[in-house]
Amino acid sequence: MKITLTRKTSAWGALRYFTFYKNGVHQGKLFTNVPIEIEADPGDVLTFYEGWFQFYRRIEVTEDTKEITIINSKKLQHVFYTCVVLFLILTLLFLSAQKLSTFIIAEILIYSGIQWLFRQQTYHFTVKKKTEPFASYSKKSIAH
Numbered sequence: 000m001k002i003t004l005t006r007k008t009s010a011w012g013a014l015r016y017f018t019f020y021k022n023g024v025h026q027g028k029l030f031t032n033v034p035i036e037i038e039a040d041p042g043d044v045l046t047f048y049e050g051w052f053q054f055y056r057r058i059e060v061t062e063d064t065k066e067i068t069i070i071n072s073k074k075l076q077h078v079f080y081t082c083v084v085l086f087l088i089l090t091l092l093f094l095s096a097q098k099l100s101t102f103i104i105a106e107i108l109i110y111s112g113i114q115w116l117f118r119q120q121t122y123h124f125t126v127k128k129k130t131e132p133f134a135s136y137s138k139k140s141i142a143h
């Protein structure tokens with residue numbers, strides 16, 4: 000069955016493409032506003048990767064899966080500002096480090112962690128299901 004993959008994201012934190020896999024096999028890249036149709040069977044697992052920090056999301060295909068849409072979270076700017084403030088606070092805490100190497104390692108780890116957290120909160124995945132026509136509902140209700 001065919002499934003449509005669509006990415007409708009704004010420029011806020013969504014500059015890179017998603018690389019997607021079906022059952023661990025590379026299928027292609029998903030860019031903003033460029034829908035792709037793929038063949039998938041029920042039980043297949045679609046995995047989406049983005050960026051250096053390997054943000055990913057796994058979605059299992061069911062019989063009813065029609066479309067998977069990726070959009071920005073509604074709280075994106077709030078999450079961004081929260082991450083910036085958190086980074087600045089942690090930076091100030093580590094300024095008291097005795098060695099420059101300790102400070103640099105701490106900053107890299109803090110940046111990586113906040114970047115991963117931001118990516119986790121940035122995207123919202125929506126799985127649209129197939130709907131049955133009205134006639135099939137009326138037949139089911141008559142049969143019962």
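0 is the number of the first residue of the sequence shown in this note's numbering; add one for each residue after it.
The C-beta atom is built at its ideal place from N, Cα and C for all residues, glycine as well.
In the structure shown, the three-state DSSP call for T68 is strand. By the beta-carbon neighbour count (other beta carbons within 10 angstroms, threshold 16), F124 is exposed. The shortest C-alpha to C-alpha distance from L85 to any of E38, E36, Q76 and I109 is the one to I109.
Beta bridge pairing from DSSP links H77 with no other residue. Taking a C-beta distance under 8 Å as the contact criterion, I2 and T81 do not qualify as a contact pair. Contact between R118 and G23 is ruled out by a C-beta separation of about 21 Å, above the 8 Å threshold.
In this structure, the CA atom of K21 is about 6 Å from the CA atom of V44. Contact check for F30 against R6 passes: the beta carbons are separated by less than 8 Å.
Counting along the chain, G27 sits inside the beta strand (DSSP E) bounded by residues V24 to L29. Bridge pairing for T5: T68 [DSSP]. Here T121 is near S72, since their CB atoms are less than 8 Å apart.
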